[in-house]
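I have placed the structure first, in the form of structure tokens, so that the comments after it can refer back to it.
Numbering (our numbering), first residue to last: 18 to 191.
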């Protein structure tokens, strides 16, 4: 029987029909996804539609996570895309796409990796479509973001943090 307000459920994992009232197996998953904030700016329309030079596209993204309630966390994938031509800004799309993530019985390292690598990987295709549609709806050709290796970036950042910590730590006796 499911408990209201959390993700613990009485699952019959062994197929015996005898749930034990408590799940002890590690589990993580997306509960829901949503647009938290979306801003589309087309500041120089209609003049920008006549500009002939190709705009320079700048794409920035950031990942954030915060605990909501015990086993539930919010993961935020923030994407900011701006296009600037010689004559000025063509468009800016600022998206905060979020998910509620449920996790239980995970070690801290596994939970951190899920929040900052796996959950953004799951969210990205949906956020990519929203950005593409927003740019199209602003009157420009859709912007198709390239896939991002969130796991590779996560491993890279962990290595950089470990190296910085090692360099900051005092070395031996003087």
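Don't be surprised by glycine CBs; every beta carbon is placed ideally from N, CA and C.
Since the model is a prediction, treat every value here as computed from it, not as a measurement.
Contact annotation: residue 149 and residue 107 have beta-carbon atoms that are not nearer than 8 angstroms. Check the Cα spacing between residue 52 and each of 59, 76, 95: the tightest is with 95. A straight-line Cα-Cα distance of about 15 angstroms links residue 183 and residue 173. For residue 168, the enclosing alpha helix (DSSP H) stretches over residues 167 to 185. Assignment of residue 140 by DSSP, reduced to helix, strand and coil, places it in the helix class.
For residue 69, no alpha helix (DSSP H) run applies, since DSSP gives it neither H nor E. Here residue 131 carries a helix assignment [DSSP, helix/strand/coil].
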